[in-house]
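Trainee: Quick note: to get the numbering used here, add 848 to the position in the sequence shown (first position is 1).
Yeah, the Cβ is synthetic: ideal placement off N, Cα and C, and Gly gets one too.
No experiment lies behind these values; they were computed from the predicted model shown.
Would you mind keeping the following structure in view while I ask a few things?
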Amino acid sequence: MRKAAERLFFLTHHPRFASFIVNRHFRWQVKKASAAKADLYLAHNPGALPVAKAAAITNNAEYGFDAEDFHRQEVSDDPHSKDYRIKKAVEENNLPGVHHFTAASPLIGEEYKQLFPSLKPVTVLNVFPKLQLHNSTPQAGNKDVIRLFWFSQTIGANRGLETIVQAMGMVTDQTVELHLLGNPVNGYPRQLERLAEESNAGSRVYFYPPVPESEIFQLAASCDIGMASEVGTPYNRNICLTNKIFTYIQSGLAVLASNTLAQKKLMEQYPDIGCIYQREDASSLASQLNFYLAHRNELERCKEANYQLGQTKLNWEKEQEKFLYCVEKISVNEAQLIEQ
């Protein structure tokens, strides 16, 4: 079905075929969603968006979208690429009619607003419920070692890890470790370890297999600095705010973030959460690492402040208020967007 839909889409340019490309279970999901009577149908990804619209039409209801990413430029910045064209068609055919629109970063909301002026995006950050770790304080750890932490579903190239390893070899104190959590691409651990050896970073890169979500925070809290090493391409990576950076903050880590547009904006709003470095610039990152190596008290202060920030502001208990406000303000009888 998907291959046939793809051929028909690129032959006819009809957006309906794009719905079958982004969601192989589109027809079945429409049937199930339409049978679940509701006043508001919310979608969280491009595949679900046409489903929400179809169910809303069937039940004379409203539908909305939560944009975790700037989807048309998730995979490629080339407007002629298949992924870009397919997702663009899905967005253009479905977003103009939404009654609710949230985005996981301010810049994602702004991009969609430029494309669809009728939207009134509300930012709902990708944060977590309040954590209770280590008697309500981040773990101090071994004072002789600074542990860097990074996690993702997949550990591989083009995630900024090479820059981190190279920077580790440049610092004045060889007591920096890198702890990586996730599924490594085949052969990548050896590739990164070889780079560490070549960069004078020694055998200070450690890999951990995936763990349940609840355990990620405990592992993070055993480290000192969270690495938000986004490389900025495709464009979505430049304007998104992943749950990674909020995991670090809520776990009580200082944050070293590459200078993507979104991360710079977050740092401007919360300047005490850590430092910015020039992405893919090992010397820039090494400079920030040297700062924390030379100022351990500042590192501990930053860790404690971030944990408290996660307890008071950057948590789901606070962020959900914006989401609930948007939902509660939607009038079933009026097709209007809600602005915070």
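Going by DSSP, what residue range makes up the beta strand (DSSP E) through Asn1031?
Mentor: In the sequence shown, residue 1031 corresponds to position 183, counting from 1. That run of the beta strand (DSSP E) goes Val1024 to Pro1032.
Trainee: Just the Cα atoms here: how many angstroms apart are Asn1031 and Gln1039?
Mentor: In the sequence shown, counting from the first residue as 1, residue 1031 sits at position 183. In the sequence shown, counting from the first residue as 1, residue 1039 sits at position 191. Approximately 15 Å between the Cα atoms of the pair.
Trainee: Return the residue from the list Val1053, Ala1005, Arg1007 and Met1075 that minimises the CA-CA distance to Gln1022.
Mentor: Looking up residue 1022 in the sequence shown gives position 174. Taking only the C-alpha atoms, the option nearest Gln1022 is Val1053.
Trainee: Is the distance from the Cβ of Ala1102 to the Cβ of Leu1147 below 8 Å?
Mentor: Here the question's residue 1102 lines up with position 254 in the sequence shown. Here the question's residue 1147 lines up with position 299 in the sequence shown. Against a cut-off of 8 Å, the Cβ pair of Leu1147 and Ala1102 comes out as a contact.
Trainee: Considering only the beta carbon of each residue, do His907 and Ser882 sit closer than 8 Å?
Mentor: Numbered from its first residue, the sequence shown carries residue 907 at position 59. Numbered from its first residue, the sequence shown carries residue 882 at position 34. Going by the sequence as given, residue 907 is Asn instead of His. Yes.
Trainee: How many angstroms separate the CA atom of Glu959 from the CA atom of Glu1116?
Mentor: In the sequence shown, residue 959 corresponds to position 111, counting from 1. In the sequence shown, residue 1116 corresponds to position 268, counting from 1. Cα to Cα, the separation comes out at about 19 Å.
Trainee: Evaluate contact between the stretch 1073–1081 and the stretch 1089–1100, counting only Cβ atoms and requiring at least three cross-stretch pairs below 8 Å.
Mentor: Yes, they touch.
Trainee: Quick check: the Cα distance between Glu1025 and Gly1050, rounded to an integer number of angstroms?
Mentor: If you number the sequence shown from 1, residue 1025 lands on position 177. If you number the sequence shown from 1, residue 1050 lands on position 202. Each residue's Cα considered, the two are about 10 Å apart.
Trainee: Who pairs with His919 in a beta bridge, going by DSSP?
Mentor: Position 71 of the sequence shown, counting from 1, holds the residue named residue 919. Answer is none; His919 lacks a bridge partner.
Trainee: Should Pro894 and Lys961 be called a contact, given that it needs their Cβ atoms to be closer than 8 Å?
Mentor: Position 46 of the sequence shown, counting from 1, holds the residue named residue 894. Position 113 of the sequence shown, counting from 1, holds the residue named residue 961. Not in contact: Pro894 and Lys961 (Cβ atoms no closer than 8 Å).
Trainee: What do you get for Gly1008, buried or exposed, if any count of 16 or more other CB atoms within 10 angstroms of its CB means buried?
Mentor: The count along the sequence shown starts at 1 and reaches residue 1008 at position 160. Buried, since its Cβ has 16 or more Cβ neighbours within 10 Å.
Trainee: Per DSSP, what are the beta-bridge partners of Tyr960 in this structure?
Mentor: Counting from 1 along the sequence shown, the entry for residue 960 is found at position 112. BP columns for Tyr960 are empty, so no partner.
Trainee: DSSP three-state label for Ile1003, please.
Mentor: Within the sequence shown, residue 1003 is the residue found at index 155, counting from 1. In the structure shown, Ile1003 sits in a strand (DSSP, three-state: E or B).
Trainee: Tyr1056: which of Ser1000, Ser1062 and Met1016 sits nearest, CA to CA?
Mentor: In the sequence shown, the residue the question calls residue 1056 occupies position 208. Measuring from the Cα of Tyr1056, the nearest candidate turns out to be Ser1000.
Trainee: To the nearest angstrom, how far is the alpha carbon of Ala903 from that of Ala853?
Mentor: Translated into positions along the sequence shown, residue 903 becomes position 55. Translated into positions along the sequence shown, residue 853 becomes position 5. Between Ala903 and Ala853, the C-alpha separation is close to 21 Å.
Trainee: Below 8 Å between beta carbons: does that hold for Asn1084 and Leu1109?
Mentor: Reading the sequence shown from its first residue, position 236 is the one you call residue 1084. Reading the sequence shown from its first residue, position 261 is the one you call residue 1109. Cβ atoms of Asn1084 and Leu1109: not closer than 8 Å.
Trainee: Over the uninterrupted beta strand (DSSP E) stretch that includes Ile1124, give me the two end residues.
Mentor: If you number the sequence shown from 1, residue 1124 lands on position 276. Gly1122 to Tyr1125 is the extent of the beta strand (DSSP E) around Ile1124.
Trainee: Please classify Gln980 as buried or exposed, where buried requires at least 16 neighbouring CB atoms within 10 angstroms.
Mentor: Numbered from 1 along the sequence shown, position 132 holds the residue referred to as residue 980. Exposed, since its Cβ has fewer than 16 Cβ neighbours within 10 Å.
Trainee: Can you tell me where the beta strand (DSSP E) holding Phe1054 begins and where it ends?
Mentor: Within the sequence shown, residue 1054 is the residue found at index 206, counting from 1. It should be noted that the sequence gives Tyr, not Phe, for residue 1054. Here the beta strand (DSSP E) through Tyr1054 covers Val1053 to Tyr1056.
Trainee: With a 10 Å radius around its C-beta and 16 neighbouring C-beta atoms as the bar for buried, classify Asp992 as buried or exposed.
Mentor: Within the sequence shown, numbered from 1, the residue matching residue 992 stands at position 144. Classification for Asp992: exposed.
Trainee: Taking only three categories from DSSP, how would you classify Phe1194?
Mentor: This structure does not reach residue 1194, given that the chain is present from 849 up to 1188, and the question cannot be answered.
Trainee: So, does the stretch 939–952 touch the stretch 961–972, judging by three or more C-beta pairs under 8 Å?
Mentor: Taking 8 Å as the limit for Cβ pairs, the verdict is that the stretch 961–972 does touch the stretch 939–952.
Trainee: Answer yes or no: do Val870 and Val938 have a C-beta to C-beta separation smaller than 8 Å?
Mentor: Within the sequence shown, the letter at position 22 stands for residue 870. Within the sequence shown, the letter at position 90 stands for residue 938. It is a contact, given that the beta carbons lie within the stated cut-off.
Trainee: In chain order, what residues of the same chain lie with their CB nearer than 6 Å to the CB of Asn941, ignoring the 5 residues before and after it?
Mentor: Position 93 of the sequence shown, counted from the start, is the residue given in the question as residue 941. These residues qualify, in order along the chain: Pro863.
Trainee: Please state the DSSP three-state secondary structure of Ser953.
Mentor: The residue you call residue 953 lines up with position 105 of the sequence shown. Note: Ser953 maps to coil in three-state DSSP.
Trainee: In terms of alpha-carbon separation, which member of His1027, Leu1043 and Gly1035 lies closest to Leu1068?
Mentor: What you label residue 1068 is simply residue 220 of the sequence shown in a count that begins at 1. Reading off the sequence shown, one finds Ala at residue 1068, where the question assumed Leu. Ranking His1027, Leu1043 and Gly1035 by Cα distance to Ala1068 puts His1027 first.
Trainee: Using 10 angstroms around the beta-carbon of Met849, count the other beta-carbons present and answer buried if the total reaches 16, otherwise exposed.
Mentor: Within the sequence shown, residue 849 is the residue found at index 1, counting from 1. When all chains shown are included, Met849 counts as exposed.
Trainee: Whose C-beta lies closer than 8 Å to the C-beta of Gln1111 among residues of the same chain, with five residues either side of it excluded?
Mentor: Taking the sequence shown and counting its residues from 1, the one referred to as residue 1111 is at position 263. Closer than 8 Å at Cβ, skipping near neighbours: Ala1076, Glu1078, Leu1089, Ile1093, Ala1105 and Ile1124.
Trainee: What are the start and end residues of each continuous alpha helix (DSSP H) run of 4 or more residues lying completely inside the stretch 1083–1148, in chain order?
Mentor: Runs found: 1083–1087, 1091–1099, 1109–1117 and 1130–1142.
Trainee: Whose C-beta lies closer than 6 Å to the C-beta of His892 among residues of the same chain, with five residues either side of it excluded?
Mentor: Indexing the sequence shown from 1 puts residue 892 at position 44. Cβ neighbours of His892 beyond the five flanking positions: Asp914.
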